[in-house]
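Residues 41 to 220 (this note's numbering) are what the sequence shown spells out, left to right.
Just below is one structure, and these are the notes that go with it.
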Amino acid sequence: MSVPPFATGLQLLFSHEQIAARVAAMGTEISRDFRDEPVLLLGVLKGAAIFLSDLARALTVEASFDFLGVSSYGKGTKSSGEVRLTKDLDESMQGKNVILVEDILDTGLTLTYLKRLLLARQPKTFRIAALLDKPSRRKQPIEADYVGFSIPDEFVVGYGLDYAERYRNLPDICVVPREG
Ligand code: IMP
Ligand code: MG
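What follows is the structure, encoded as structure tokens:
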């Protein structure tokens with residue numbers, strides 16, 4: 041197993057085959073939960089874009105999309121903890137089966153902020169789907185309803201996730217080695 045030249049030095053964690061299998065299973069689970077009801081997938085830009093596009097195609101229920109932008113003031117591997125909305129939804133989510141789609145659940149600050157904001161808009165149902173979860177890093181008591189992989193406290197990139205905007209187009213998920 042090898043990563044592309046632009047990702048030399050990173051350690052492979054999940055191959056694109058492993059990710060595809062897990063996303064397919066998540067799609068089956070979500071489709072079973074919603075049966076014949078349509079869902080609205082709300083992707084958190086930019087990290088969730090690739091996961092959302094694959095998850096949407098793994099669903100057998102009708103899905104529409106919308107996107108939110110958030111900023112946590114920081115470009116490195118540590119976030120400052122302050123969350124701010126940089127792009128709101130284009131359409132109303134009231135009365136819909138909303139699934140908030142996020143790349144990774146880390147401290148939980150981002151999803152705690154978004155959950156509170158979105159629940160106030162009165163969806164019919166509200167669920168969270170996170171491709172990755174780092175439970176050991178949690179600062180807020182929030183969990184995702186659908187989790188792809190639970191991982192240890194490592195900084196990961198690829199499949200939408202970045203390090204200072206790099207590596208989002210890496211098909212696999214890799215660990216960035218710690219400095220020093
Ligand atoms: P939280 O608010 O700490 O839960 O962080 C969520 C956001 O931090 C995610 O949407 C990512 O943008 C970013 N993040 C947290 N851990 C990682 C990582 O390992 N790689 C890349 N981004 C991460
Ligand atoms: Mg993100």
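All residues carry an ideal CB built from backbone N, CA and C; glycine is no exception.
All figures in this text were calculated on a predicted structure; none of them were measured in a lab.
Item, Value
"Quick check on the DSSP output: the alpha helix (DSSP H) that includes valine 123 runs from which residue to which?", "No alpha helix (DSSP H) contains valine 123, which DSSP labels as neither H nor E."
"Comparing C-alpha positions only, which one of Ile90, Leu52, Ser71, Phe74 sits nearest to tyrosine 199?", "Ile90"
"Does any heavy atom of ligand 1 sit closer than 7 Å to the C-beta of phenylalanine 195?", "yes"
"Check the DSSP bridge columns for aspartate 106 and list the partner residues they point to.", "Leu82"
"Within 10 angstroms of its Cβ, does threonine 126 collect 16 or more other Cβ (buried), or is it exposed?", "exposed"
"Quick check on the DSSP output: what are the complete alpha helix (DSSP H) runs of length 4 or more inside the segment 158-208, in order along the chain?", "none"
"Identify the continuous alpha helix (DSSP H) that holds glutamate 69 and give its terminal residues.", "56-74"
"Please say whether alanine 60 and cysteine 214 have beta carbons closer to each other than 8 Å?", "no"
"Does serine 42 come out as helix, strand or coil in the three-state DSSP assignment?", "coil"
"Just to check, is the beta-carbon of threonine 147 closer than 7 Å to a non-hydrogen atom of ligand 1?", "yes"
"Tell me, which residues are paired with valine 138 by DSSP?", "Leu80, Phe166"
"Give a yes or no on whether the C-beta atoms belonging to arginine 167 and isoleucine 139 are separated by under 8 Å.", "yes"
"Candidates Leu53, Ser55, Phe54, Met66: which alpha carbon is nearest aspartate 185's?", "Met66"
"When you compare only the Cα positions, how much space is there between arginine 124 and arginine 177?", "20 Å"
"Can you tell me the Cα-Cα spacing of lysine 179 and leucine 151, whole angstroms?", "11 Å"
"What is the DSSP secondary structure of aspartate 94, reduced to helix, strand or coil?", "helix"
"Give me whichever residues DSSP pairs with valine 215 in a beta bridge.", "Gln51, Val196"
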